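Here is the structure we will look at, set down as structure tokens.
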Ligand code: FES
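Below, the structure written as structure tokens:
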């Protein structure tokens, strides 16, 4: 048997903007330890070997940050706190149920456009 691939990847936006910048960002003094909380909780549960947390840069949903994306499934969670991250791990990652109340609004996260369809739209 080969080395198993992860069951989930969790992409946590770790972008911060300098103080005074008008654009909101996912990391500020109040939210800077969320990635650590995510990784520590996965470790405490003993599942970090199959759930890979990944730091990313901006995913263009800053206004509703902090955000993180769970794959597979394209599930984007917004407005995160430590408590919400713990719930997402327990209910979605372990329990298998998407935590709908923390999912980003569909207005901000609508169905994906396939690359082929996008090329057609652009006339290429
Ligand atoms: S800074 Fe996190 S989505 Fe833009």
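Residue numbers (the working numbering): 185 to 308. Cβ atoms here follow ideal geometry from the backbone N, Cα and C, with glycine treated the same way. Given the structure is predicted, the values throughout are model-derived calculations rather than measurements.
Backbone secondary structure at residue 253 - three-state DSSP:
As a position in the chain shown, residue 253 is number 69, starting the count at 1. Three-state result, residue 253: strand.
When we look at the beta-carbon of residue 227 and count the other beta-carbons within 10 Å, is it buried (16 or more) or exposed?
Residue numbering aside, residue 227 sits at position 43 when the chain shown is read from its first letter. Within a 10 Å sphere around the beta-carbon of residue 227 sit fewer than 16 other beta-carbons, which makes this residue exposed.
Mind checking which residues open and close the alpha helix (DSSP H) that includes residue 302?
In the chain shown, residue 302 corresponds to position 118, counting from 1. Segment 299–305, the alpha helix (DSSP H) holding residue 302.
What number of angstroms, rounded off, separates the C-alpha of residue 301 from the C-alpha of residue 185?
Here the question's residue 301 lines up with position 117 in the chain shown. Here the question's residue 185 lines up with position 1 in the chain shown. Approximately 39 angstroms, taken between the alpha carbons.
Roughly how many whole angstroms lie between the Cα atoms of residue 274 and residue 229?
Taking the chain shown and counting its residues from 1, the one referred to as residue 274 is at position 90. Taking the chain shown and counting its residues from 1, the one referred to as residue 229 is at position 45. Spanning the two alpha carbons is a distance of roughly 9 angstroms.
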